[in-house]
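Pasting the structure below:
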């Protein structure tokens with residue numbers, strides 16, 4: 080089963096992306112969004128399972144803590160931006176674009192940091 084997932088990884092990711100885009104444009108259902116995100120995370124974990132098996136429990140816990148702290152920091156930044164943007168009275172579309180840019184930049188920085196941390200942990204093995 081895992082071998083089939085490895086072979087169909089690209090197609091599964093494209094399908095989940097299309098599902099997410101259709102949902103965000105037409106349906107705007109939160110449950111579908113979270114389900115797609117969780118499936119992508121599970122798909123990435125199964126893809127990198129060989130590398131994850133090489134890590135010790137302490138290295139895995141550090142990566143998990145960094146992930147949680149990064150998500151909390153992104154939420155904190157979004158709330159801070161919302162507090163400062165509210166008195167300005169910007170149009171809703173402009174605020175949405177600013178939130179989107181903030182989320183994308185935050186996720187990119189978190190992904191880069193986790194990649195570096197994951198790479199260093201594997202090099203020490």
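In the numbering used here, the protein residues as written are 80 to 204.
Every residue gets a Cβ at the ideal spot worked out from N, C-alpha and C, and that includes glycine.
Pick from the options that is closest to residue i, judged by C-alpha positions
| i | options | result |
| --- | --- | --- |
| residue 181 | 169, 152, 191 | 152 |
| residue 84 | 185, 127, 141, 97 | 127 |
| residue 192 | 142, 110, 86, 114 | 142 |
| residue 157 | 80, 115, 125, 185 | 185 |
| residue 199 | 109, 134, 188 | 134 |
| residue 195 | 109, 178, 138 | 138 |
| residue 159 | 145, 87, 110, 174 | 174 |
| residue 82 | 147, 140, 125 | 125 |
Endpoints, the alpha helix (DSSP H) within which residue i is located
| i | result |
| --- | --- |
| residue 140 | 136 to 164 |
| residue 88 | 88 to 101 |
| residue 124 | 109 to 126 |
Contacts around residue i, its chain only, beta-carbon distance under 8 Å, and the 5 residues preceding and following it disregarded
| i | result |
| --- | --- |
| residue 112 | 99, 102, 103 |
| residue 130 | 197, 201 |
| residue 164 | 174, 177 |
Sequence-distant residues of its chain with Cβ nearer than 6 Å to residue i (five each side left out)
| i | result |
| --- | --- |
| residue 187 | none |
| residue 149 | 189 |
| residue 144 | none |
Cβ shell of residue i (< 7 Å), same chain only, five flanking positions each side left out
| i | result |
| --- | --- |
| residue 161 | none |
Are the stretch 115 to 135 and the stretch 82 to 95 in contact at 8 Å, needing three or more beta carbon pairs? yes
Is it true that the stretch 160 to 178 meets the stretch 120 to 135, where meeting means three or more beta-carbon pairs spaced less than 8 Å apart? no
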